[in-house]
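Below you'll find the structure, written out as structure tokens, and then a few comments.
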Amino acid sequence: MASLNVGNLGEYLREQRRNAQLSLRQLADAAGVSNPYLSQIERGLRKPSAEVLQQVAKALRISAETLYVRAGILDAERDMDEVETRAVILADPTLNERQKQVLLQIYESFRKENGFAGEGDDTAVRGTRTADADDARDSGPQRTAG
1 MASLNVGNLG
11 EYLREQRRNA
21 QLSLRQLADA
31 AGVSNPYLSQ
41 IERGLRKPSA
51 EVLQQVAKAL
61 RISAETLYVR
71 AGILDAERDM
81 DEVETRAVIL
91 ADPTLNERQK
101 QVLLQIYESF
111 RKENGFAGEG
121 DDTAVRGTRT
131 ADADDARDSG
141 PQRTAG
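Rendered as structure tokens:
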């Protein structure tokens, strides 16, 4: 696992918050965390949990996996291809949130099937469940074009 660099994470979060033109209080409210706690994260004084990072990422509309790498939860080198693949899926404006989640679940299912889910692979952090991915894969297309 990569070493923790909370200061770097805090600086990155502050930069992303400013790019989103949100005040600290606005982001804290949107992420469901306290204003002082978010301030401490940005200043590198606190190590947020994966759940808090996921909430902050959702509020900022950025990839939670990127925050996991910055926080040292995911190993940057080992997981970079997976993180990039997930980021592309999450950033696709042509897909709705449900479609994105199903694609991520299927992707994770195939990775596990092919033996690429390593020891640092925590599907609870990523919010994926193989059974759902299998259901989505087996059920086929839900709607037809035309």
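Those letters in the sequence shown? Residues 1 to 146, per our numbering, in order.
Cβ atoms here follow ideal geometry from the backbone N, Cα and C, with glycine treated the same way.
Would you kindly work out how many angstroms separate the C-alpha atoms of residue i and residue j, rounded to a whole number?
{"i": "Asn19", "j": "Arg111", "result": "34 Å"}
{"i": "Ala59", "j": "Phe116", "result": "30 Å"}
Leaving out five residues on either side along the sequence, give the residues of the same chain with a beta carbon under 7 Å from the beta carbon of residue i.
{"i": "Ile62", "result": "Gln16"}
{"i": "Tyr12", "result": "Arg70"}
{"i": "Ala28", "result": "Ser34, Asn35, Leu38"}
With a CB to CB cut of under 8 Å and the five nearest residues on each side skipped, what residues in its chain are close to residue i?
{"i": "Arg14", "result": "Glu42"}
{"i": "Gln55", "result": "Ala31, Gly32, Val33"}
Assuming residue i is part of the alpha helix (DSSP H), what are its boundary residues?
{"i": "Ser34", "result": "Counting along the chain, Ser34 falls outside any alpha helix (DSSP H), and DSSP gives it neither H nor E."}
{"i": "Ser109", "result": "97–113"}
{"i": "Gln54", "result": "50–60"}
If residue i sits next to residue j, beta carbons under 8 Å apart, how far is it from one beta carbon to the other, in whole angstroms?
{"i": "Ala50", "j": "Tyr37", "result": "Not a contact, Cβ separation roughly 15 Å."}
{"i": "Gly10", "j": "Gly44", "result": "4 Å"}
Could you tell me whether any non-hydrogen atom of the ligand NAP is closer than 8 Å to the CB of residue i?
{"i": "Ala31", "result": "What this structure holds is no ligand at all, so the ligand NAP is not there to describe."}
Residues in its own chain within less than 6 Å of residue i by CB, not counting five upstream and five downstream?
{"i": "Arg46", "result": "Gln40"}
Helix, strand or coil for residue i, going by three-state DSSP, please let me know.
{"i": "Thr85", "result": "helix"}
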